[in-house]
Structures are given as C-alpha cells and as structure tokens.
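Colleague: Read left to right, the sequence shown gives residues -21 to -1, 1 to 790 (mature numbering (1 follows the signal peptide of the UniProt record, and there is no 0)).
Yeah, the Cβ is synthetic: ideal placement off N, Cα and C, and Gly gets one too.
The structure is given below, and queries will be raised subsequently.
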Amino acid sequence: MASFWSLTIVSLTFLINFTQATYDASAHTNLAVYWGQGAYQQRLLHFCNQSTIDIIPIGFVNYFPAQGNGFPGDNFGNQCSGPPYVYAGPGNDPADNQLQSNCPNLVADIPVCQAQYGKKIVLSLGGGIDTYGLTGAANGTAFADFLWGAFGPQTKAWLKEGLPRPFDGPNNQAVEVDGFDFDIEFPSSDNQAGYIAMIKRLRQHFGSASKKYIITGAPQCVVPDANMGQMITYAKFDIIWIQYYNTAQCSARNWVTANPNYLSTGIEEPSGFSFDAWEGFLEGTASQDAKLYIGLPAATNTDYYLSPSEASSLIKAYYCKPNFGGIMLWEATAAENNDVGCGETYYQAMKEILVDYSQDGSLSCVKAPKYPISTSSKASCTVTSTTTSSSAPTITPTPPCTKVYQVQSGDYCYLIWTEFGITEAQLYAWNPFLDAACDLQPGEVLCVAESTTSISSSVSVTTTSTSVSATPTACTKYYTVVSGDYCYLIETDFGITSAQLYAWNPTLDANCDLAVGQVLCVSESPTSTSSVSTTTTSTSVSATPTACTKHYTVVSGDYCYLIETNFGITSAQLYAWNPTLDANCDLSIGQVLCVSESPTSTSSSSTQVSTTSTSSTSSSPTAACTKTYKVVSGDYCYLIETNFGITSAQLYAWNPTLDANCDLSIGQILCVSESPVSSSSSTLTSTSSTKSSSSSSSSHSSTHLSTSSSSSRSSTSSTKSSTSTSSSPTPTPTPKLVCNSDNCLRQLRGTPAFATTFCASFTAAVHTATVGLPTDVANCQSDVGRISSACSCLGVSTATTLSTSMTAAKR
C-alpha cells in the first residue's frame, strides 16, 4: 500500500504473509517498537500479536544498583503492582528498593510473544529520566552478571541463592529476554568505561547460551553521541536505532523539509541528516557490522513527526544503504492510537512501506519482483474492485462460493482478507490451492465468500442437514468476552486451535478483534445437531474424511509442521481437514490424516456410526463431582486452584490420582467442584480460609475455564475438608514437602534473621490476606499457605495450623 502514501509510487508486489513475519537480522524490513511507557497502554501481548512488529524493547530498567539499594529498579507503566511488591535489595536503605516482583502480565506474555509470535523481546536500560548511573568497570561487570542471572537463562545456582527472577512464572517456569538495550541519555563520569565493561561481560555470557542474544542501543542523532559514542566504539552492538528526533539539526524532519520532491527527482539535497555520518563512524569500531534503524516518533503532537508519505520518501532514500536495517518507533501506544487512514495504525503503515520497498525492482539492492509490476498506482488503500469491466468476461462463482476476486498486480493475502472482511483461515479454507506463503499471481481467481449453508452433513436415515452460522447450531459451549481477553488466551484456556475458533465463529475478523460482551462458541459437538435415527446412530468425526482426496498415515518422527511442508498445505488446512487434532497438534503413530480435500466439495455424506456412549471413559470424575476441567498447555495446579476458587486440599481430595508434585498432563480431566453432600453421604466438617488470590481481579480466567456456570470467586470462602466419615471415598493424600524456590521463599531466604523471627510468630488467624503482613514477605502474595510452606522449607516451625496438602502443595 505504498501507493496510498504517495500516488507517485508504483503499486508493488507484496508477496509476504504478515502472519509469518519475524525478525531477520539481515533484512531491511525490520520494525522495532518501544513498549512500557505508554499512557493506558495495552498488554505486551497485544503488540506481539501484531504481525507487522518484529522487535519490542520493553522499558525501562531506570535505576541501576548504585541507585536501587544494591539491585536495579524498573518501571513498566501500568503492567506491574509497584511497591510494596519489590525485591529487598542487599543495601541498607529499603526505601530505595525498586525492582518490581509482581508483573503478572509480563510473566504471562513474554514467553507467548517469543514462542507463539516469534518476537524479539529486549530489556531496555536507561531512558529519559535521570535516575540511573554507572561508574567503573568493576561495577559494570557486576551489573552485567546480575542482569544475566535475573533476566537471562535460569540457573539452579541463582535459584539456590534466592536471587530475583522477576519474569519467571509459577513453579519456577523460566522466562528470559532476548537481549539488552541501552538507551543512555545522561553522561557518565568514567568516559563510559562501566558500560563498555558491562556489554563485554554480557557478550561473554551470550557465548554459553542456547539461543542468540542481541545488544541494541538508542543514541541521539548527533555523531558521535556524547553519552554512547565510546561504548559503541569499544563494545559490540548488533543494532543501533538512532533517535532522529529531539535534535533538530540532524533530525528526520530536517531531511523531509530539505527534500520535498525526492520521490519525483531522486536527488537528495543537504539537510544535516546523519545516517551517512553514522555509517562512517562505525567503520573500524567494535560495532562496524551493526544495523542502523531510523528512529521516528509515532505521536502526531510533536514537530518531529513524519506522516507516512514523508516517511516513505525518507525510507526510499536510505533503504539500500549497507547498514540499513529498518525503522524504530517511539512508542507502541502512540503508534497504536495514530490511525493514518484506512483503519491502519502508524506501525502497520511503517511496516508496509518497508515491505513495499523490498519488492521495488527500481531500487539498486532489490531483485526484480516475481511477477510484473503495474505501471499505474491504486488511488486508495483498498484492493481493486471486484466488479469486472464490460470488456472482460464475467467470472461466475462455483457453489458453494458466492463471490470471487481476480488477483491484481500488487495484491497480497493480508490486504485481500482485510478488504473482504474475512479471516485468514477462511481464505485458505475456500482456496485450498494456496501455498503456505500465500503467494499470489495476477489473474488468479480467489473465492472470498461462501454460502453459510454450504457445509452440510447427512447424519441419519432422514438425511437432516446442518449449516454453519454466526450462532453455530452445533455449538455445545459458549463464552462471553470480558475485558482483557484476546483470542490466543481463549484458545489456550479452552484447549482449541485458532482454526477451530475461526470455524466456529465465522464473524471474527482477520485480526481476531474482540468486543466485551461478545459471545463466542468454544466447543462444538463432533456429531453436530442433526437428527439421530431411531436406531440410535450418530455421526462422529471420521478418521477418513469423506471429502478428502489424499490421506497420510503418521509414522515415527512425524510432526505437524513436517507434514504440512511435505504436502504443501497450511496449518489452517490441516486443522480444518482433521478436526480431531488437539491444540498442540499431537500425533500418534498409525493415525490417518487428510492432507488434501476436493476444492469443489459442497457436502460430505457421512457414514452412520453406531454408538452406545458418547462419554469418555478416561479420567472420569466421581459421581459427586459437579464440574470438571481439561488441562491445557501451560496449566499448573496453583493456577487451576486460583481460577476455580478452590484450595489445594480440595484439588487433591477430588483428584486422588494427583502425585505429590501435582504434575499435570495435557488433556487430563480434573474435578474442580464437588457437591457439598457427596453421593456417599459423607459429612464434612470444614473451616474457611480466604485467599486474596481467589478474590482478585483475574475473574476473566475463571470464566474461561468454567463456562457451564458463572462461578463467583470474590468474597467467597474456600472450604477445606478437615474430617470425614468412613464412607468418604477419597481421603486427602499427604504429599511430601516440595521446596520450590519461588519468589516467596527467595525473599525469606534473602533476610534470614527476619525470616526466623517472622516464621516463628506467623499465625494464619492474625496474618490474613489484608492484615499484618510486612513488606519483607510481599512476594508471598498474602497467601498464608504459601508463607507456611516457605517457612517449612526454611526449617522454621510456624504457629499456624494448616492442612499438610496446603503447605506442601507445589506453588
């Protein structure tokens, strides 16, 4: 869509599927967007879900050890709880403790950003507020060691010492960043020796890591930058995103003002813009191979802001420079709120410009595009109208397709599915010949709409048909969207795939945008809702789909991506043709998969399968169980207990097969609620215990996991069984004590004198969720069971009396 920014730019072939875009160190099309300081900013995961963004520096670590009581301190805006939820530094001034210990969104989002969306998450140090400083090589080396221990790969030695791991998840789930960013905007008193030693030490650590880490920096545009010039010279940077704002004489705005006609003339006038000077400065330095990004402000309320058309002109002038790597934007929330037209955000526009130029054969560094480029530009940001001219033959859709579109030069899949208001999954399902990269050829005809009654299945002797609609008739479970929801979270919570969510909710748009109160189908009956014959026959999902034209039998060593690649199909197609696949695409040797379907199939005559029972016999809950939950990837016992407002003792009592470590398996069925009076008429004498975590603001998670009824968890006392009659079918197990070095135990280990005194006097009756807990145990999240467990692991007896399973349960 470069033509939208300037009608003089030709419409370029854009053969890229944005959903596959990830950081490529050698590319010129990377987009980095700072996050962490936006007003009312959305979660990190929201921006990771944007396929146009490649790297996200999160900021800031804005206190260094000398200013933070021996530990650094950080600030990520509205994403952390702040004091008193901070780690206690080793110094003597607790008021300076600034390293936050409760950032649950970051803990949850970072691993998803990396594994699911392929984003690089780098931790940014410094910033524009003068609260940090580093002096001396020894201090720089020590600071590097701390950052590596706290935010790099998790080590047993670090955990044993009880040192901070701010982003690690429950049960010591390791979460690490992908590198470190230096935004140093204030001078040092040692000619940057501390920073140089720090970066060199980090690089030593990188050498032993299992993945590639990067060092990035954000100097001002003046060459050399007074605050970072020495460190760039003597320490190796991988990326330098230069702030071409704040300093007028070398700014991007100066270049645009001096070169208003560059796109038409191709002649660059002198402006003071310093990109060439930075390339020259890097020669012979430790950072000579660093990629240079042009840093721009994303907010319109600054004199340094460039419109997309202005940015397009500047980018074209420097796109083929040897060190050019892409664009950096400050910052994510401003870029999100800046609608530049056609419903596009500023960051989407920047990525689009970069990718357009990667296909522009007129540039010296770009190979000629795969298909001919149109010599005329589109005058808007929409795809060419589907209306055919009178001179061209009319293309008649073949049922069930109701609308077709003929690909024009410059089209790409993302643009087409956005224009027609359909999803990526729908485009692939209706056009099964599309390859995994969604490569298009001018003249190709695509189906862009299908009849909602096109999918029918004969399921009984009366051949009753069913149709897919916005409110699926076969839906067996619904979920109402609440604030903070996003599609990946819902898919994970319900153990379904993206393809299933789209198939069951065809009104979802390409970005999977949700509205609070929106009702989604999250489970469909494999037998649909069609009538069942009098001989009690019902349909089941056939291992051999009737519309399938090619099958494949799984062998040892297979996995889904390999099969998709071998047969040239997409993940969406594999899931659509094999609806029994689970969210993890787990395969079994001998399993038969459909790997090709007839593109013109409008119905499938299903085979009547006699069945005597539709219930699963594995892990069936007891008769007294009133609610079950199926374990999905990422689950752990404490999360499930919190989401359903139950205690560890209850979870163990209702699920007697759980081991002492509460190890879970994906697909395992757990009982999460029992009738107060069980079928065996056992009498329970209970005590109530209120946990702050069960009345917290995480209600959306509990709603995800429990949709059959809305379970209220606020102000609800969780009941723990203390005695039962002999008729009780499952006595509470007594698991062994498991001392996992979570943040609660780490904090107590860090203050042994305090811990001994505190644990000896700790009484649950006094230290409740809201009363009596000092800041020295803030990391225990006011969970009396967690505190008692931590004290037990320290070998200090507590005055409180809790059930064994509560104190020993894995946290």
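#1: For residue 51, does the count of other Cβ atoms within 10 angstroms reach 16, so buried, or fall short, so exposed?
#2: Extract the residue ranges of the beta strand (DSSP E) inside the region 264 to 328, only unbroken runs of 3 or more that lie entirely within it.
#3: In terms of residue numbering, what span does the beta strand (DSSP E) encompassing residue 221 cover?
#4: Distance check for residue 399 and residue 324, CA to CA, integer angstroms please.
#5: Pick out whichever of 637, 606, 168 and 638 has its Cα sitting closest to the Cα of residue 792.
#6: Run through DSSP, which three-state label would residue 572 get?
#7: Any idea which residues DSSP pairs residue 195 with across the strands?
#8: Nearest CA to the CA of residue 238: which residue from 200, 193 and 294?
#9: Taking contact to mean at least 3 C-beta pairs separated by less than 8 angstroms, is the region 187 to 207 in contact with the region 135 to 149?
#10: Less than 8 angstroms between the CB atoms is what I'm expecting for residue 457 and residue 498, so what's the real figure, rounded?
#11: Find the nearest neighbour of residue 221 within the set 727, 257, 732 and 575, judged by alpha-carbon distance.
#12: Short check: CB of residue 12 to CB of residue 37, under 8 angstroms?
#13: If you draw a straight line from the alpha carbon of residue 436 to that of residue 1, how long is it in whole angstroms?
#14: Under 8 angstroms: do the region 477 to 486 and the region 395 to 412 share three or more Cβ pairs, one atom per stretch?
#15: Quick check: residue 188 and residue 132, are their CB atoms within less than 8 angstroms of each other?
#16: Taking the alpha helix (DSSP H) that residue 167 falls in, what are its first and last residues?
#17: Please identify the residue among 217, 158 and 307 whose C-alpha is closest to the C-alpha of residue 231.
#18: Along the chain, where does the beta strand (DSSP E) containing residue 36 start, and where does it finish?
#19: How many angstroms separate the CA atom of residue 419 from the CA atom of residue 383?
#20: Within the chosen definition, does the region 307 to 322 reach the region 14 to 25 through at least 3 CB pairs nearer than 8 angstroms?
#21: With a cut-off of 8 angstroms, do at least 3 Cβ pairs link the region 563 to 573 to the region 530 to 539?
#22: Could you say which of 236, 213 and 199 lies nearest to residue 223 if we only look at CA atoms?
#23: In the DSSP output, what is residue 11 paired with across the bridge?
#24: Going by DSSP, what residues sit across from residue 381 in a beta bridge?
#25: So, at 6 angstroms on beta carbons, what are the nonlocal neighbours of residue 491 in its own chain, with the 5 sequence-adjacent residues on each side left out?
#26: Taking the Cβ atom as the reference point for each residue, do residue 160 and residue 114 lie within a distance shorter than 8 angstroms?
#27: Hey, out of 121, 93, 212 and 213, whose CA is closest to residue 191's CA?
#28: Cα separation between residue 459 and residue 393?
#29: In terms of residues, what are the limits of the alpha helix (DSSP H) holding residue 139?
#30: Among 740, 6, 553 and 638, which one has its Cα closest to the Cα of residue 218?
#31: Consult DSSP for residue 551 and reduce its assignment to one of helix, strand or coil.
#32: Give me the Cα-Cα distance between residue 427 and residue 236, rounded to the nearest whole angstrom.
#33: Evaluate residue 545 with the Cβ neighbour count: other Cβ atoms within 10 Å of its Cβ, from every protein chain shown; 16 or more gives buried, anything less gives exposed.
#34: Identify the continuous alpha helix (DSSP H) that holds residue 236 and give its terminal residues.
#35: Would you check if the distance between the CB atom of residue 95 and the CB atom of residue 53 is smaller than 8 angstroms?
#36: Take the Cβ of residue 268 as the centre, count every other Cβ of all protein chains shown within 10 Å, and call the residue buried at 16 or more, exposed below.
Modeller: Based on what the coordinates show:
#1: buried
#2: 270 to 276, 303 to 309 and 318 to 320
#3: 218 to 222
#4: Between residue 324 and residue 399, the C-alpha separation is close to 19 angstroms.
#5: The question about residue 792 has no answer here: the residues shown for the chain are numbered -21 through 790.
#6: strand
#7: DSSP output for residue 195 lists 160 and 218 as bridge partner(s).
#8: Here the closest residue by C-alpha is 294.
#9: no
#10: 5 angstroms
#11: For the residues 727, 257, 732 and 575, the minimum Cα distance to residue 221 belongs to 257.
#12: Not a contact, by the Cβ cut-off of 8 angstroms.
#13: Legend: pLDDT at residue 436 = 32, less than 50; position of this residue unreliable, value from coordinates given subsequently. Going by the C-alpha atoms only, they are around 40 angstroms apart.
#14: In the pairwise beta carbon analysis, the region 477 to 486 is classified as touching the region 395 to 412: at least three pairs are separated by under 8 angstroms.
#15: yes
#16: Premise fails: residue 167 is in no alpha helix (DSSP H) and is neither H nor E.
#17: 307
#18: Counting along the chain, the beta strand (DSSP E) containing residue 36 begins and ends at 34 to 40.
#19: Computed Cα separation, rounded: 14 angstroms.
#20: yes
#21: yes
#22: 199
#23: 34 and 307
#24: Residue pairing by DSSP leaves residue 381 without any beta bridge partner.
#25: 466
#26: no
#27: 93
#28: 28 angstroms
#29: 135 to 139
#30: Taking only the C-alpha atoms, the option nearest residue 218 is 6.
#31: helix
#32: 43 angstroms
#33: Exposed: under 16 other Cβ atoms inside 10 Å.
#34: 231 to 237
#35: no
#36: exposed
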